[in-house]
Amino acid sequence: MTTNTPFYKLKAVGFDDVLEHRRPRAASALFDLPVEILRLIFESVESSSLAALALVNRDCCQLARSRQFVDVRVDYSNTSEALIRHLGSEIKEREMKVGFNLLPSLGACIRRLTVSIDVGTIRQRMGMQKAAFSNNHWHGLNLDEAEDSRWKSIFTAINESYLPLVQAIICSNKTLPHLDTLDWRQPSYLSQDFYNALACSSIQHLKLCHPINKTFKISLSPPRWPLRTLHLELASELQEKETTAMLCASILRLCAPSLETLVWVHHRHNDRQTFGDSPLPKFPCLRNLHIQMLELADRSIMDAFLRSKLVNFNLLLETRLLNEALGSCGKISTLKAFSSSQPPFSFLRANTQLSKLDFDCAVFSSESLEIHVLPILSTFSNLTSLRISWPKSCSLLPETGLRLMGNLHTIKQLCISCGRLRDWRRTWKVDHTAIRQHLSPLRYLQRLALIGDTYSLRADSLNSERYYVDTFATESDLGYSGVPLDGVPSRIRRLMLDPKLGKPFWEKRHKEMMLAEGKQYIDVFPGLEWIYLGQRVMCIQVDNSWMKSRRTVSMVEMTKKTANLNKMFGISPENHDRFRTRNVPSKDETDDITS
């Protein structure tokens with residue numbers, strides 16, 4: 001996996017493999033083509049045409065299914081249950097036929113499987129009232145006795161019949177011979193036998209998010225689990241003195257030789273992790289490391305990771321042991337992107353080769369930023385991306401800090417946050433003139449984001465904290481400038497007193513103000529392409545139809561994609577996400593499963 005690939009799209013299984021090395025039955029010149037050429041032709045077929053292709057003959061049906069079922073989601077819907085029943089029948093047939101199916105199998109088409117029981121899907125399917133599943137338990141919400149009994153029976157069926165069948169299918173290498181990626185998000189307990197079976201499967205990319213109620217370790221012979229990607233998120237339900245360290249350490253030791261990306265998230269307090277007294281495992285292929293909320297028993301975990309050739313390193317935790325390990329590890333010459341709330345200054349001084357830095361949380365004080373952090377960053381020769389946060393106590397961004405940021409001449413994208421960010425209040429009384437003045441030396445700047453900025457409701461208003469909440473219309477918005485409030489008609493006055501009714505006028509006024517500021521930014525920064533101000537995204541277009549190129553700024557509709565600052569400025573796991581999935585196959589596709 002490379003940092004240039006923000007998500008992973010699986011290709012369909014090759015024609016030879018999906019036919020399980022049988023000869024095509026159909027006499028067609030198409031199937032006489034080399035497999036590589038056939039793959040290129042098949043990849044260009046529109047998805048909407050696959051159902052028609054499946055009706056031509058059995059070979060074409062299997063070819064179509066290799067794309068339709070490359071990525072499957074198990075969620076207890078009717079579609080999902082039909083799929084699981086069919087795969088279960090393939091297991092039985094293979095057992096009877098000594099490992100073979102009479103016809104090309106559906107299981108041979110699946111490369112990615114996501115297991116996540118969707119309660120909303122169950123409610124829709126069964127016509128049930130609201131209820132919830134959490135950590136292997138069922139919770140009814142004020143249900144009558146009959147409804148409560150129905151939910152309990154469904155819960156029992158899922159845990160005693162449905163999920164065991166799903167696990168049996170996953171554990172059967174012959175049923176899913178090309179399974180590449182497993183994303184298990186189901187809050188159910190997984191046994192040691194299931195873990196051992198996973199380790200012997202073809203899976204290379206594994207995401208495990210589930211509770212654990214027993215402590216154990218995985219033992220294999222030979223001791224090797226060839227995973228390339230591991231996302232480990234275990235919710236411990238162990239007794240107070242028990243720990244998941246033995247299980248986690250055994251998994252990491254087994255996959256250490258091949259592991260390229262590790263995302264390790266932990267939530268339980270006092271569940272401290274360690275590799276123990278045994279020799280530390282080596283991670284020769286590890287390039288992407290994301291650790292969140294992990295508690296350490298000693299330095300062994302961090303010492304093992306820091307010896308690898310990391311490229312992207314994201315830490316969402318802060319402990320004495322962690323800082324000791326970072327402070328003494330020296331330069332990681334391969335490291336390009338680093339995210340941490342408050343790393344030791346010695347680590348920053350040793351790694352001036354970094355091109356991307358993310359201080360997402362406002363942990364550094366203003367003095368530390370101005371006296372230590374920013375002067376150190378001025379010695380970086382390749383720094384192109386920076387996210388930096390001032391404490392929530394700051395209502396004004398110090399000009400000293402702005403001047404120091406103006407010395408980071410290689411910066412291409414910059415995200416600055418200041419003031420309160422956690423609730424509805426915004427306290428950073430932003431001075432755009434000062435920002436443009438002090439950051440003007442950044443000639444390569446392409447993206448600029450300001451987080452936490454707020455503005456006065458009126459020119460004479462002192463209460464700017466409520467700017468994004470008190471979305472009233474003003475007298476000037478409605479054409480009543482200078483008119484006393486009691487002189488405004490009651491139907492118009494409501495727009496000035498009700499933030500919901502007045503919001504369209506507030507939005508129009510806010511948009512015009514942000515666009516005006518954006519136009520001034522593009523005059524200062526010639527390479528600017530994207531701005532985030534006032535919680536709004538703006539893009540800069542270049543109009544070459546004029547004799548002289550003209551740059552204009554326009555506001556973009558706010559979506560998760562356009563405003564995903566974490567993806568743009570951070571080093572979050574989603575930047576290396578192999579676990580994004582499409583929906584389960586459509587009803588038309590599953591109707592043809594047994595064709």
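Quick note: the sequence shown uses full-length UniProt numbering, first residue 1, plus one each step.
Even for Gly, the Cβ is constructed at its ideal location relative to N, Cα and C.
Asked, Found
"According to DSSP, simplified to helix, strand and coil, what is residue 256?", "coil"
"Counting beta carbon pairs with one atom in the region 437-455 and one in the region 469-479, are three or more of them shorter than 8 Å?", "no"
"Rounded to the nearest angstrom, what separates residue 289 and residue 246 at their Cα positions?", "20 Å"
"When you compare the CB positions of residue 74 and residue 66, do they come within less than 8 Å of one another, or not?", "no"
"In the DSSP assignment, the alpha helix (DSSP H) including residue 79 goes from what residue to what residue?", "78-96"
"Suppose the cutoff is 6 Å on Cβ atoms and the five residues either side in sequence are ignored; what does the same chain contact list for residue 607 look like?", "There is simply no residue 607 to check, as the chain begins at 1 and stops at 595 in what is shown."
"Nearest to residue 199 by alpha carbon, out of 161, 240, 250, 149?", "250"
"Looking at the unbroken alpha helix (DSSP H) that takes in residue 372, where does it start and where does it end?", "Run containing residue 372: none; DSSP gives neither H nor E here."
"When the Cα of residue 78 is compared with those of 220, 124, 96, 61, which residue comes out closest?", "124"
"Could you check what DSSP says for residue 283 in three-state terms: helix, strand or coil?", "coil"
"Quick check: the Cα distance between residue 482 and residue 489, rounded to an integer number of angstroms?", "14 Å"
"Under the DSSP definition of a beta bridge, which residues are partnered with residue 71?", "112"
"Starting from the N-terminal side, write out each stretch of the alpha helix (DSSP H) that is 4 residues or longer and does not extend beyond the region 176-218.", "192-199"
"Between residue 326 and residue 304, which are expected to be in contact by the criterion C-beta below 8 Å, what is the C-beta distance as a whole number of angstroms?", "Rounded, the Cβ-Cβ distance is 14 Å, inconsistent with contact."
"Measuring CB to CB, does residue 321 end up less than 8 Å from residue 283?", "no"
"Buried or exposed for residue 156, going by 16 or more other Cβ atoms inside 10 Å?", "exposed"
"Short of 8 Å in beta carbon distance, which residues of its chain neighbour residue 399, apart from the five on each side in sequence? Order them along the chain.", "434, 438"
"By Cβ distance below 6 Å, which residues in the same chain neighbour residue 525 in space, the five residues on each side in sequence not counted?", "445"
"Could you tell me the boundaries of the alpha helix (DSSP H) in which residue 521 lies?", "499-524"
"Answer yes or no: do residue 346 and residue 359 have a C-beta to C-beta separation smaller than 8 Å?", "no"
"DSSP three-state label for residue 234, please.", "strand"
"Please state whether DSSP places residue 135 in a helix, a strand or coil.", "Legend: pLDDT at residue 135 = 44, less than 50; position of this residue unreliable, value from coordinates given subsequently. Looking at residue 135 - three-state DSSP - the assignment turns out to be coil, as it is neither helix nor strand."
"Excluding sequence positions up to five away, which residues of its chain have a Cβ less than 6 Å from the Cβ of residue 361?", "341"
"Three-state secondary structure (DSSP) at residue 537?", "strand"
"Alpha carbon to alpha carbon, how far is residue 11 from residue 214?", "37 Å"
"Could you say which of 203, 233, 467 lies nearest to residue 225 if we only look at CA atoms?", "203"
"Confirm, please, whether the CB-CB distance from residue 424 to residue 363 is below 8 Å.", "no"
"Which of helix, strand or coil does DSSP assign to residue 432?", "helix"
"Taking three-plus beta-carbon pairs below 8 Å as touching, is the region 37-54 in contact with the region 21-28?", "no"
"Enumerate in chain order the residues of its own chain whose CB-to-CB distance from residue 220 is below 8 Å, with the five nearest sequence positions on each side excluded.", "196, 199, 200, 254"
"In angstroms with no decimal places, state the Cα-to-Cα distance between residue 427 and residue 554.", "26 Å"
"Tell me the DSSP secondary structure of residue 12 in three-state form.", "coil"
"Apart from the five residues just before and just after residue 317, which ones in its own chain have a Cβ nearer than 7 Å to its Cβ?", "291, 292, 293, 294"
"Where does residue 564 land, buried or exposed, given buried means 16+ other C-beta within 10 angstroms?", "exposed"
"So, for residue 506: in the same chain, excluding its five sequence neighbours on each side, which residues have a beta-carbon less than 7 Å away from its beta-carbon?", "471, 472, 473"
"Applying the criterion that 16 or more other CB atoms from any shown protein chain within 10 Å of the CB defines a buried residue, is residue 409 buried or exposed?", "exposed"
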